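A.B. asks:
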Amino acid sequence: MRTLFELEQAIDAVKVDDDPVVAAEELLSIGEEVLENWIVAKDGVPTDETREGFRLLALHRQGTKNDPSFNACRETCRELAYYFNLITLDPDATATTNRTAMMKMISNHLYLFISGKLQVAQLGDFCCSAKPIRMADQDNTQELEGV
Amino acid sequence: MTDKAEKYQRVAYYPGCALEGTGHAYNRSTKAVGKKLGLDLVEVDNWNCCGAMEVKNVDPKIQTYLSSRVMSIAANEMDMDVVMAPCNGCYHNLKKAEYDLTNDDQSVAVVDKLSKKAGHKTYESGQVETIHALDWIKDAIGEDGLRERVKNSLSGLKVANYYGCMYTRPRHIFPEKDQGNGSESTSKPHFMDDLLAAAGAENVDFPLKTACCGGAHTLSDSDTSTKLVLNILRAAKLSGADVIATECPTCHSGLEMHQIRAEKKFGEKVDVKILYFTQLLGMALGLKPRKVGVHENISKSMPLLKEKGIA
Chain A
377 MRTLFELEQA IDAVKVDDDP VVAAEELLSI GEEVLENWIV AKDGVPTDET REGFRLLALH
437 RQGTKNDPSF NACRETCREL AYYFNLITLD PDATATTNRT AMMKMISNHL YLFISGKLQV
497 AQLGDFCCSA KPIRMADQDN TQELEGV
Chain C
129 MTDKAEKYQR VAYYPGCALE GTGHAYNRST KAVGKKLGLD LVEVDNWNCC GAMEVKNVDP
189 KIQTYLSSRV MSIAANEMDM DVVMAPCNGC YHNLKKAEYD LTNDDQSVAV VDKLSKKAGH
249 KTYESGQVET IHALDWIKDA IGEDGLRERV KNSLSGLKVA NYYGCMYTRP RHIFPEKDQG
309 NGSESTSKPH FMDDLLAAAG AENVDFPLKT ACCGGAHTLS DSDTSTKLVL NILRAAKLSG
369 ADVIATECPT CHSGLEMHQI RAEKKFGEKV DVKILYFTQL LGMALGLKPR KVGVHENISK
429 SMPLLKEKGI A
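Here the protein sequences come in this chain order: A and C. The first sequence begins at 377 in the numbering used here and counts up by one. The second sequence begins at 129 in the numbering used here and counts up by one.
#1: Chain C partners of residue 495 of chain A, CB-CB under 9 Å?
#2: So, do the stretch 474-490 of chain A and the stretch 449-463 of chain A have three or more beta carbon pairs nearer to each other than 8 Å?
#3: Could you check the C-alpha separation between residue 356 of chain C and residue 470 of chain A for me, to the nearest Å?
#4: Any contact between the stretch 236-253 of chain C and the stretch 188-206 of chain C? By contact I mean 3 or more CB pairs, one from each, below 8 Å.
#5: By alpha-carbon positions, which one of A:436, A:453, A:380 ends up nearest to residue 424 of chain A?
#6: Let me see if you follow: with CB-CB separation under 7 Å, is residue 447 of chain A close to chain C or not?
#7: Run through the stretch 227-309 of chain C for me and flag every whole beta strand (DSSP E) of 3 or more residues, listed as ranges in chain order.
#8: Where residue 486 of chain A and residue 452 of chain A are concerned, what is the direct C-alpha to C-alpha distance, given to the nearest angstrom?
#9: Using the rule of at least 16 other Cβ atoms within 10 Å of the residue's Cβ for burial, across every protein chain shown, is residue 388 of chain C buried or exposed?
#10: Curious, which full-length alpha helix (DSSP H) runs of at least 4 residues does the stretch 156-206 of chain C contain?
#11: Comparing C-alpha positions only, which one of A:426, A:395, A:444, A:488 sits nearest to residue 466 of chain A?
#12: Determine the contact status of residue 208 of chain C and residue 268 of chain C, defining contact as a CB-CB distance below 7 Å.
#13: Does the separation of the CB atoms of residue 370 of chain C and residue 432 of chain C fall below 7 Å?
#14: Would you tell me roughly how many angstroms separate the C-alpha atoms of residue 491 of chain A and residue 352 of chain C, rounded to the nearest one?
#15: What's the call for residue 329 of chain C, buried or exposed, on a 16-neighbour Cβ count within 10 Å?
#16: In the DSSP output, which residue or residues are listed as bridge partners for residue 331 of chain C?
#17: Identify the contact partners of residue 338 of chain C in chain A, using a Cβ-Cβ distance below 7 Å as the criterion.
#18: Please confirm whether residue 298 of chain C has its beta-carbon closer than 7 Å to some beta-carbon of chain A.
#19: Using 6 Å as the cut-off, classify the Cβ of residue 413 of chain A as near or not near the heavy atoms of the ligand PLP, replying yes or no.
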């Protein structure tokens with residue numbers, strides 16, 4: 377597993393006009409490793425399972441456990457898988473270079489979100505504000521008993 | 129006219145704090161569009177903050193109470209059965225309060241206690257339906273109704289529709305979404321796409337339409353927010369968009385401000401304009417740019433709007 381710094385450099389290094397299948401595989405792999413970094417930082421062991429044919433989606437699912445705000449990158453992961461399919465299933469399509477460039481940006485967004493979230497844990501919490509309710513903080517209720 | 133269309137002709141309007149400040153153009157354009165479409169907006173009396181950000185971190189149940197108070201006033205003092213909130217934060221929090229008051233006894237108890245202390249009737253789940261401005265126009269007027277009313281087509285304008293992360297998440301607080309034909313999708317939202325297409329715009333395929341803009345950390349971690357926004361702007365540009373259409377004041381302000389910050393901090397200028405969907409709809413309906421607050425935006429879109437024959 378590469379470090380987040382190495383993954384940032386790896387995203388920059390992807391050439392969108394070279395072999396599109398190689399680029400798509402590298403970007404998908406980067407996405408998986410970004411998620412692995414998150415899971416390892418939370419003392420987890422990254423899964424080798426797949427979900428809907430993608431390890432990326434299984435890793436996202438694993439990363440979401442006990443942290444609903446992590447769902448703020450759910451669609452980013454799904455878009456990454458979608459663009460991987462678009463590129464690899466029809467690499468000769470005229471739109472492939474454009475699609476690879478877009479996949480690079482989606483991969484970058486996933487990297488930015490998760491690396492940002494590792495620095496500031498609450499990134500994404502604004503979006504998923506049901507989290508505190510789900511975690512049922514008893515102390516909060518007890519404090520309000522005296523209201 | 130469907131039952132829903134009839135129900136949404138007159139709704140309680142909850143603008144929320146952002147629409148009185150940085151999102152004023154959204155407030156102005158929402159009201160102007162409502163008036164133009166003959167829809168009646170009745171502002172919630174003496175409304176309060178929904179508890180969007182800070183309060184949640186102090187105590188989430190106070191946030192639930194604050195949102196419930198808005199719904200209580202609409203239901204019990206104004207006799208309204210629909211609250212329309214154009215801000216994603218307000219919309220999200222009212223929906224979350226509704227969910228919690230339906231499913232969490234502790235929330236019900238706390239809201240009841242605080243409501244009695246504050247001297248107003250306790251909101252009971254189900255008294256009002258909370259909707260977003262997108263639901264409001266989509267159901268009250270619909271695409272066909274809009275097409276009939278368009279005087280100034282958005283034809284030739286390529287739009288990336290950006291919904292942000294709060295409009296569809298978490299999924300369980302939006303039980304009306306993902307209900308098949310005609311309902312909104314939480315994974316691929318499309319209501320804004322539908323409305324702007326009806327007004328003549330060409331929607332581009334935009335994969336970051338629900339991605340995080342880093343809005344909540346714009347002050348505490350500005351560089352991360354700027355990089356996230358820069359990536360959204362780049363993706364919109366790559367997708368061929370002239371404009372990013374927004375439906376959330378936090379996203380909108382973030383996109384506008386970090387677009388400028390990206391240029392100053394990272395030396396990268398991405399020339400894509402940012403407009404509220406209500407501003408675009410308003411102009412399509414024949415309203416002047418000033419009437420929908422285009423002059424209040426930071427993003428300078430007038431040259432583009434003139435070039436496209438919209439302004």
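Where a beta carbon is used, it is the ideal one built from N, C-alpha and C, also for glycine. On a predicted model such as this, the values are computed, not experimentally measured, just so you know.
C.D. replies: Quick answer:
#1: Here the question's residue 495 of chain A lines up with position 119 in the first sequence. Under the 9 Å cutoff, chain C gives 349, 352.
#2: Yes, the stretch 474-490 of chain A is in contact with the stretch 449-463 of chain A.
#3: Here residue 356 of chain C refers to the residue found at position 228 when the second sequence is read from its first residue. Here residue 470 of chain A refers to the residue found at position 94 when the first sequence is read from its first residue. If I take the Cα positions, the gap works out to 28 Å.
#4: At 8 Å Cβ cutoff, the stretches touch.
#5: In the first sequence, residue 424 of chain A corresponds to position 48, counting from 1. Comparing Cα positions, the closest option is A:436.
#6: For the purposes of this step, residue 447 of chain A is identified with residue 71 of the first sequence, where counting begins at 1. It does: the Cβ of residue 447 of chain A has a partner Cβ on chain C nearer than 7 Å.
#7: 257-260, 286-290
#8: Reading the first sequence from its first residue, position 110 is the one you call residue 486 of chain A. Reading the first sequence from its first residue, position 76 is the one you call residue 452 of chain A. In this structure, the straight-line span from the alpha carbon of residue 486 of chain A to that of residue 452 of chain A is close to 6 Å.
#9: In the second sequence, residue 388 of chain C corresponds to position 260, counting from 1. That one is exposed.
#10: 182-186, 188-200
#11: Taking the first residue of the first sequence as 1, we reach residue 466 of chain A at position 90. Closest option to residue 466 of chain A, Cα to Cα, is A:395.
#12: Position 80 of the second sequence, counting from 1, holds the residue named residue 208 of chain C. Position 140 of the second sequence, counting from 1, holds the residue named residue 268 of chain C. No.
#13: Within the second sequence, residue 370 of chain C is the residue found at index 242, counting from 1. Within the second sequence, residue 432 of chain C is the residue found at index 304, counting from 1. Yes. Within cutoff.
#14: The residue you call residue 491 of chain A lines up with position 115 of the first sequence. The residue you call residue 352 of chain C lines up with position 224 of the second sequence. Going from the Cα of residue 491 of chain A to the Cα of residue 352 of chain C covers about 9 Å.
#15: In the second sequence, the residue the question calls residue 329 of chain C occupies position 201. Under this definition residue 329 of chain C is a buried residue.
#16: Looking up residue 331 of chain C in the second sequence gives position 203. According to DSSP, which records beta bridges pairwise, residue 331 of chain C is partnered with C:287.
#17: In the second sequence, the residue the question calls residue 338 of chain C occupies position 210. Within chain A, the residues near residue 338 of chain C are 451.
#18: Position 170 of the second sequence, counted from the first residue, corresponds to residue 298 of chain C. Chain A, which has a Cβ nearer than 7 Å to the Cβ of residue 298 of chain C, makes this yes.
#19: Judged by which ligands are present, the structure shown has none, so any question about the ligand PLP falls away.
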